[in-house]
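Asker:
Residue numbers (the working numbering): 71 to 185.
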């Protein structure tokens, strides 16, 4: 079992930046693929960014060039650096972990971008 706790969400103006963190429990963190997902009101949850155990990253087209995912295995933490934020980035952001896909989920952190 892996326990994930997100932090770093908040209210920011359009054009601003935020860094989300996801702290994971357990000793197998370095073996897991990690992902950041988001869900806006009335919309389905979508994958924003992912990073494998070998640090291969992938991004949704809507955030390419603005968001960066990274991980620190020594701290069991994955980050999402978000820049040039837009109102359409407003959502609850969730961290997910798993050996191949999202097997474990955090409870989410709210990001609100005002125009």
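All C-beta atoms, glycine included, are put in the ideal place defined by N, C-alpha and C. The structure displayed is predicted, hence computed values, not measured ones.
Pair every Cβ in the region 130-145 with every Cβ in the region 71-79, then say whether three or more of these pairs are closer than 8 angstroms.
Answerer: Verdict: no, contact absent.
Asker: Would you check if the region 123-132 and the region 77-92 touch, i.e. whether three or more CB-CB distances between them fall below 8 angstroms?
Answerer: The region 77-92, when compared against the region 123-132, does not touch it at the 8 angstroms Cβ threshold.
Asker: According to DSSP, is residue 144 helix, strand or coil?
Answerer: In the chain shown, the residue the question calls residue 144 occupies position 74. Of the three classes helix, strand and coil, the one that applies to residue 144 here is helix, per DSSP.
Asker: When DSSP labels each residue in this structure, what does residue 77 get in the three-state scheme?
Answerer: Counted from its first residue, the chain shown places residue 77 at position 7. Residue 77: strand per DSSP, three-state reduction.
Asker: I'd like the ranges of any alpha helix (DSSP H) spanning at least 4 consecutive residues and lying wholly in the region 94-128.
Answerer: Correct list: empty.
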